[in-house]
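Peer 1:
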Amino acid sequence: MSHNTWIHRMVRPTVVKPLAGTPVTPNQLTTARLLAGLTAAGIMAIGPAWQGIAAGVFVLSVVLDRADGDLARLTGKTSPGGHRYDMIADAVCNALILIGLGIGLREGREWSIPMGVLAGLSVAVILWMVMRMEEMGGHRAAELPSLGGFDADDAVLLIPVFVWLGIADGLLTAAAVIAPLVALLFFVMYWRQLRAAEPQ
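Residue numbers (this note's numbering): 5 to 204.
1) Are the CB atoms of residue 97 and residue 41 nearer to each other than 8 Å?
2) In the DSSP assignment, find the alpha helix (DSSP H) that holds residue 29 and state where it starts and stops.
3) Which runs of the alpha helix (DSSP H) spanning at least 4 residues fall entirely within the region 55-137, listed in chain order?
4) Along the alpha helix (DSSP H) that carries residue 174, what are the first and last residues, could you check?
5) Do the CB positions of residue 36 and residue 68 come within less than 8 Å of each other?
6) Can you list, in chain order, the residues of its chain whose CB lies under 6 Å from that of residue 174, leaving out five sequence neighbours each side?
7) How about residue 62 and residue 134: do their beta carbons lie closer than 8 Å?
8) In whole angstroms, what separates the C-alpha of residue 82 from that of residue 31?
9) Which whole-angstrom value is the C-beta distance of residue 89 and residue 9, which I expect to be below 8 Å?
10) Apart from the five residues just before and just after residue 194, which ones in its own chain have a Cβ nearer than 6 Å to its Cβ?
11) Quick one: is residue 14 buried, meaning 16 or more other Cβ sit within 10 Å of its Cβ, or exposed?
12) Between residue 105 and residue 172, which are expected to be in contact by the criterion C-beta below 8 Å, what is the C-beta distance as a whole number of angstroms?
13) Closest by CA to residue 147, which one among 163, 161, 122 and 130?
14) To the nearest angstrom, how far is it from the Cα of residue 16 to the Cα of residue 111?
15) My assumption, with CB atoms under 8 Å, is that residue 164 sits in contact with residue 59. Please give the rounded CB distance.
16) Looking only at its chain, what residues have a beta carbon closer than 6 Å to the beta carbon of residue 71, apart from the 5 residues adjacent to it on each side?
17) Look at the Cβ atom of residue 116, then the Cβ atom of residue 23, and state whether they are nearer than 8 Å.
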């Protein structure tokens, strides 16, 4: 994923640079991101009355996600273990927020939980394949091109936007359709990388 999106550029001067001279470590930010993401998913699952708050907590989680890697690069504290921890936290938070949304919309919507689970598991599978491709081909092996300063990973910010606009139902339906298709795209990329790595 890109390290210079508009979100990175906003977070860098406001969050990352002030932390660069402090004892705060990138892994501590990742842990805070994970806790915020888990909290957001739990609140989202309560129901519609709480989903606006959950969306705000999830935005905080995304900001911390952008900040941890930037802090690591700025302070020279990058490491394979830290990157892997960051990716696992991404998979957990981004999957559970969709599952939480499905649970939260369960009243009168019998398909909301299965749709949330489908979308969430698809996101987790995508990030697992990204980790595998990066292990095989380096950090940029699974990168998709950015568009207008936004990365494909920034699409998670549509979750709070749709919730605040009152169209969480539409978001869940779209996620249940699009996330498996994106997972299929990454599977094709992964399969091609495996084939390319085979001895000729």
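All C-beta atoms, glycine included, are put in the ideal place defined by N, C-alpha and C.
If you're wondering where the values come from, they're calculated on a predicted model, not measured in any experiment.
Peer 2: Reading it off the structure:
1) Start at 1 with the first residue of the sequence shown, and residue 97 comes out as number 93. Start at 1 with the first residue of the sequence shown, and residue 41 comes out as number 37. Yes, they are a contact pair.
2) Within the sequence shown, residue 29 is the residue found at index 25, counting from 1. Residue 29 -> no alpha helix (DSSP H), and no H or E assigned at all.
3) If only complete runs of 4 or more residues are kept, the region 55-137 shows the alpha helix (DSSP H) at 84-108, in order along the chain.
4) Position 170 of the sequence shown holds residue 174. It spans 172-201 - the alpha helix (DSSP H) in which residue 174 sits, taken as one unbroken run.
5) Taking the sequence shown and counting its residues from 1, one reaches residue 36 at position 32. Taking the sequence shown and counting its residues from 1, one reaches residue 68 at position 64. With a cutoff of 8 Å on beta-carbon distance, residue 36 and residue 68 are scored as near each other.
6) Counted from its first residue, the sequence shown places residue 174 at position 170. Correct list: empty, nothing qualifies.
7) Position 58 of the sequence shown, counting from 1, holds the residue named residue 62. Position 130 of the sequence shown, counting from 1, holds the residue named residue 134. No, these two residues do not count as a Cβ contact at 8 Å.
8) On the sequence shown, residue 82 is found 78 positions in, with the first residue counted as 1. On the sequence shown, residue 31 is found 27 positions in, with the first residue counted as 1. So the two alpha carbons sit approximately 10 Å from each other.
9) To locate residue 89, count along the sequence shown from 1; it is residue 85. To locate residue 9, count along the sequence shown from 1; it is residue 5. Actually they are not in contact, since the Cβ atoms of residue 89 and residue 9 sit about 21 Å apart, beyond 8 Å.
10) For this step, residue 194 is matched to residue 190 along the sequence shown. 133 and 137, listed in sequence order.
11) Taking the sequence shown and counting its residues from 1, one reaches residue 14 at position 10. With fewer than 16 Cβ atoms within 10 Å of its Cβ, residue 14 is classed as exposed.
12) Position 101 of the sequence shown, counted from the start, is the residue given in the question as residue 105. Position 168 of the sequence shown, counted from the start, is the residue given in the question as residue 172. Residue 172 and residue 105 do touch by the CB rule: their CB atoms are close to 6 Å apart, below 8 Å.
13) Taking the sequence shown and counting its residues from 1, one reaches residue 147 at position 143. Of the candidates 163, 161, 122 and 130, the one whose C-alpha sits nearest the C-alpha of residue 147 is 130.
14) Position 12 of the sequence shown, counted from the start, is the residue given in the question as residue 16. Position 107 of the sequence shown, counted from the start, is the residue given in the question as residue 111. When rounded, the distance between both Cα atoms is 41 Å.
15) Mapped onto the sequence shown, residue 164 falls at position 160. Mapped onto the sequence shown, residue 59 falls at position 55. Confirmed, about 3 Å.
16) On the sequence shown, position 67 is the one that residue 71 refers to. Here the set comprises 15, 19, 20 and 33.
17) In the sequence shown, the residue the question calls residue 116 occupies position 112. In the sequence shown, the residue the question calls residue 23 occupies position 19. Not closer than 8 Å, so no.
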